[in-house]
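Residue numbers (my numbering): 102 to 382. To start, the structure itself, in structure tokens.
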Ligand code: 2AM
Ligand code: CA
Ligand code: CA
Ligand code: CA
């Protein structure tokens with residue numbers, strides 16, 4: 102039985118290298134364009150960093166498969182098979198990157214037989230490195246991570262992100278969900294603009310729960326391993342098992358808070374990641 106520890110070492114090296122590339126790109130002039138909607142931004146750096154990560158990993162592991170945000174946007178089929186598969190977000194928080202708002206990460210997850218095995222996330226502004234290997238714990242700069250064990254939602258800090266859909270009906274549901282969670286009451290709700298870093302804050306116990314509609318498999322793959330290895334829950338917004346391609350997630354330190362969040366949420370419908378990317382917002 103392979104333990105994938107070599108793959109973790111390689112993933113750490115390339116994530117750091119990619120993260121440092123993003124860090125230096127922050128200071129340079131950015132060529133920004135939009136993809137599916139005017140708020141769905143992409144830069145040259147997103148493409149260059151994804152290219153660096155995939156070409157490096159492909160050279161090392163020619164038989165492995167790759168799913169990457171910008172390759173998917175360019176029409177490469179987003180397909181999770183039983184084969185060893187790397188799931189890559191080259192810049193998570195592109196809008197933050199464009200504004201030099203310091204919440205930007207590189208995220209690399211790895212799945213085998215559709216099971217998530219490894220997760221590596223690098224915070225490009227402060228150099229923090231989050232790593233996890235299934236069954237072997239989660240770490241932040243080498244220090245073991247532990248989720249918050251808070252069960253009482255009135256003492257919870259909740260994180261979320263705004264998806265690409267900004268039509269009034271979708272925003273009403275988004276604000277309705279936030280209103281329910283604010284008036285629970287909870288300690289507060291935060292939006293930081295990077296799904297992967299928000300999820301790392303669940304792993305470290307800095308916040309109790311996270312939910313989002315509209316995120317993609319590359320936003321969640323690495324972070325799901327890190328949260329689970331830190332003792333937390335990563336599930337579907339319906340309360341069932343996480344489906345990486347469903348574009349829905351609830352994560353929490355305790356099952357009690359995960360279940361509470363699930364009960365409050367009214368769904369927002371996005372397509373799936375494993376359908377034609379041209380159809381997806
Ligand atoms: P990205 O920067 O890699 O696109 C805030 O926008 C957070 O939600 C970011 O982590 C962003 O990832 C993520 N996100 C995922 N899907 C999104 C979408 N369809 N629209 C906007 N943000 C999305
Ligand atoms: Ca994007
Ligand atoms: Ca992302
Ligand atoms: Ca991205």
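Cβ atoms here follow ideal geometry from the backbone N, Cα and C, with glycine treated the same way.
{"Item": "Could you pull the start and end residues of the beta strand (DSSP E) that residue 336 belongs to?", "Value": "334-336"}
{"Item": "Could you compute how far the alpha carbon of residue 250 sits from the alpha carbon of residue 306?", "Value": "8 Å"}
{"Item": "Taking buried to mean at least 16 other C-beta atoms within 10 Å of its own C-beta, is residue 313 buried or exposed?", "Value": "buried"}
{"Item": "Check residue 357 in the structure and name its three-state DSSP category.", "Value": "helix"}
{"Item": "Leaving out five residues on either side along the sequence, give the residues of the same chain with a beta carbon under 7 Å from the beta carbon of residue 238.", "Value": "245 and 330"}
{"Item": "According to DSSP, what are the bridge partners of residue 144?", "Value": "133"}
{"Item": "Could you check where the beta strand (DSSP E) with residue 216 kicks off and where it finishes?", "Value": "216-224"}
{"Item": "Which of the three DSSP states, helix, strand or coil, is assigned to residue 105?", "Value": "coil"}
{"Item": "Any idea if residue 191 is buried or exposed, counting beta-carbon neighbours within 10 angstroms, 16 or more meaning buried?", "Value": "buried"}
{"Item": "How far does the alpha helix (DSSP H) with residue 269 in it reach, from first residue to last?", "Value": "269-283"}
{"Item": "Taking contact to mean 3 or more Cβ pairs, one atom from each stretch, closer than 8 Å, check whether the segment 120-137 and the segment 271-284 are in contact.", "Value": "no"}
{"Item": "Hey, which residues come within less than 5 Å of ligand 3, measuring from Cβ to any heavy atom, in chain order?", "Value": "190, 193 and 320"}
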